[in-house]
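Engineer:
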Amino acid sequence: MKTKITELFGIEHPIIQGGMHFVGFAELAAAVSEAGGLGIITGLTQRTPEALANEIRRCREMTNKPFGVNLTFLPAVTPPDYPGYIRAIVEGGIKVVETAGNNPQKWLPSLKEAGIKVIHKCTSVRHSLKAEQIGCDAVSVDGFECGGHPGEDDVPNFILLPRAAEELKIPFVASGGMADGRSLVAALSLGAEGMNMGTRFMATKEAPIHDNVKQALVAASALDTRCANAPSFGLSASVSASQAA
Ligand SMILES: Cc1cc2nc3c(=O)[nH]c(=O)nc-3n(C[C@H](O)[C@H](O)[C@H](O)COP(=O)(O)O)c2cc1C
1241 MKTKITELFG
1251 IEHPIIQGGM
1261 HFVGFAELAA
1271 AVSEAGGLGI
1281 ITGLTQRTPE
1291 ALANEIRRCR
1301 EMTNKPFGVN
1311 LTFLPAVTPP
1321 DYPGYIRAIV
1331 EGGIKVVETA
1341 GNNPQKWLPS
1351 LKEAGIKVIH
1361 KCTSVRHSLK
1371 AEQIGCDAVS
1381 VDGFECGGHP
1391 GEDDVPNFIL
1401 LPRAAEELKI
1411 PFVASGGMAD
1421 GRSLVAALSL
1431 GAEGMNMGTR
1441 FMATKEAPIH
1451 DNVKQALVAA
1461 SALDTRCANA
1471 PSFGLSASVS
1481 ASQAA
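If you want our numbering, it's the 1-based position in the sequence shown plus 1240.
1. Can you tell me which residues form a DSSP beta bridge with D1382?
2. Taking the alpha-carbon of E1353 as reference, which of T1339, T1363 and I1326 has the nearest alpha-carbon?
3. Return the first residue and the last residue of the alpha helix (DSSP H) that K1361 is part of.
4. Which full runs of the alpha helix (DSSP H) of 4+ residues lie inside the region 1309-1341, going along the chain?
5. Compute the Euclidean distance between the alpha carbons of H1360 and V1379, then round it to the nearest angstrom.
6. Compute every distance between the C-beta of A1304 and the non-hydrogen atoms of ligand 1, then say whether any falls below 7 angstroms.
7. Could you tell me whether any non-hydrogen atom of ligand 1 is closer than 7 angstroms to the CB of E1267?
8. Among the candidates A1340, P1306, V1336 and E1290, whose CA atom is the shortest distance from the CA of F1313?
9. Grab the span of the alpha helix (DSSP H) containing I1399 for me, first residue to last.
10. Checking the sheet assignment: what are the DSSP bridge partners for I1280?
11. According to DSSP, which residues form a beta bridge with Q1286?
12. Within 7 angstroms: the Cβ of A1340 and any heavy atom of ligand 1?
13. When DSSP labels each residue in this structure, what does M1442 get in the three-state scheme?
14. When we look at the beta-carbon of N1310 and count the other beta-carbons within 10 Å, is it buried (16 or more) or exposed?
15. I1256 bridges to which residues according to DSSP?
16. In this structure, does DSSP put C1376 in helix, strand or coil?
17. Just the C-alpha distance for E1252 and N1342, rounded to the nearest angstrom, thanks.
18. Are the region 1282-1291 and the region 1371-1387 in contact at 8 angstroms, needing three or more beta carbon pairs?
19. Which class does A1484 belong to by DSSP, given the choice of helix, strand or coil?
20. Whose C-alpha, out of C1299, D1393, E1247 and L1278, is nearest the C-alpha of F1265?
21. What number of angstroms, rounded off, separates the C-alpha of C1467 from the C-alpha of S1461?
22. Should C1530 be listed as close to ligand 1, given that the test is whether its C-beta is under 7 angstroms from any heavy atom?
23. Would you say Q1257 and M1437 are within 8 angstroms of each other, going by their C-beta atoms?
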């Protein structure tokens, strides 16, 4: 299938495996890319830029198809060595970076100069428009259903995606609660050019998580969907269990 996203990233299927802290290692990214999607290594899961450079090398040994790196920008007293991580990405020949967490404007010039396409993860239309304005190539629009950090607006995808389609000129993928071919058809019909999945990929053999967790995901019913909030840490996450079934 050809969409603006497959064209932009040089992939076969418009399916992206979003960055996942402590899940997105080379094995998972390579498997997704080998299958024709876009696998993504989670940059900050690697403790140092050198470790990321090594993970990129490992991934390249497993696939010669395109794969990306996620860079999540979160407020921190001692921020990670972002310039070092970007150097590892550029020198590693990565051509797609998924940014998330905060406005990536400061880092765009060094990525763009290296010919890297940037897809920024947004949980609102206004943030998506900002990403477009600062020069991102695409956005991942993450509805309230998404695993990880769903933002503060709590707008689900049936509302968010059509609004994004009305406003955005750059292509976007639908993210949050996506699980299979039906999700992809729905995403395309709502105006997206593909989809991004996280939770669904946790239930794969390449995901380095305990088998009991994978079995729990697969065995879960629709009623097992949970929304976990930890406001004191500014964290919240939702997992739609039926995604993994
Ligand atoms: C366990 C887990 C860890 C995640 N870690 C990150 C992360 O470090 N950076 C990031 O940008 N997104 C992260 N995400 C979000 C995913 O990339 C993706 O946007 C989200 O999972 C999509 O929603 P879904 O899980 O409903 O498919 C994480 C998601 C999960 C489930």
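The beta carbon of each residue, even a glycine, is placed where N, CA and C say it ideally should be. Quick caveat: nothing in here was measured; it's all calculated off a predicted structure.
Structural biologist: Taking the coordinates as given:
1. If you number the sequence shown from 1, residue 1382 lands on position 142. In the DSSP output, where bridge partners are listed per residue, D1382 has S1415.
2. Taking the sequence shown and counting its residues from 1, the one referred to as residue 1353 is at position 113. Comparing Cα positions, the closest option is I1326.
3. Position 121 of the sequence shown holds residue 1361. Segment K1357 to C1362 is the beta strand (DSSP E) holding K1361; no alpha helix (DSSP H) there.
4. 1322-1331
5. Locating residue 1360 in the sequence shown gives position 120, where the first residue counts as 1. Locating residue 1379 in the sequence shown gives position 139, where the first residue counts as 1. C-alpha separation (whole angstroms): 5 angstroms.
6. In the sequence shown, counting from the first residue as 1, residue 1304 sits at position 64. For the sequence presented, residue 1304 should be read as Asn rather than Ala. False, no ligand heavy atom lies under 7 angstroms from that Cβ.
7. In the sequence shown, counting from the first residue as 1, residue 1267 sits at position 27. False, no ligand heavy atom lies under 7 angstroms from that Cβ.
8. Within the sequence shown, residue 1313 is the residue found at index 73, counting from 1. For F1313, the nearest C-alpha among the options comes from A1340.
9. Indexing the sequence shown from 1 puts residue 1399 at position 159. That run of the alpha helix (DSSP H) goes N1397 to E1407.
10. Residue mapping note: residue 1280 aligns to position 40 of the sequence shown, counting from 1. Its beta-bridge partners are G1308.
11. The count along the sequence shown starts at 1 and reaches residue 1286 at position 46. Partner(s): none; Q1286 has no beta bridge.
12. For the purposes of this step, residue 1340 is taken as the residue at position 100 of the sequence shown. Indeed, a heavy atom of ligand 1 lies less than 7 angstroms from the Cβ.
13. Here residue 1442 refers to the residue found at position 202 of the sequence shown. Here M1442 sits in helix by DSSP.
14. On the sequence shown, residue 1310 is found 70 positions in, with the first residue counted as 1. So N1310 ends up on the buried side.
15. Your numbering for residue 1256 matches position 16 in the sequence shown. Note: I1256 sits in a beta bridge opposite L1278 and N1436.
16. Along the sequence shown, read from residue 1 onward, the residue named residue 1376 stands at position 136. C1376: coil per DSSP, three-state reduction.
17. Counting from one through the sequence shown, the residue named residue 1252 turns up at place 12. Counting from one through the sequence shown, the residue named residue 1342 turns up at place 102. Each residue's Cα considered, the two are about 29 angstroms apart.
18. no
19. Residue 1484 sits at position 244 when you count from the first residue of the sequence shown. Any reading at A1484 needs caution, since the residue's pLDDT is 48, under 50, leaving its predicted position unreliable; the model's value is listed next. A1484: helix per DSSP, three-state reduction.
20. Position 25 of the sequence shown holds residue 1265. Checked all of C1299, D1393, E1247 and L1278; the closest Cα to F1265 is C1299.
21. Counting from 1 along the sequence shown, the entry for residue 1467 is found at position 227. Counting from 1 along the sequence shown, the entry for residue 1461 is found at position 221. Going from the Cα of C1467 to the Cα of S1461 covers about 15 angstroms.
22. Residue 1530 is absent from the structure shown; the chain starts at 1241 and stops at 1485.
23. Within the sequence shown, numbered from 1, the residue matching residue 1257 stands at position 17. Within the sequence shown, numbered from 1, the residue matching residue 1437 stands at position 197. Cβ atoms of Q1257 and M1437: closer than 8 angstroms.
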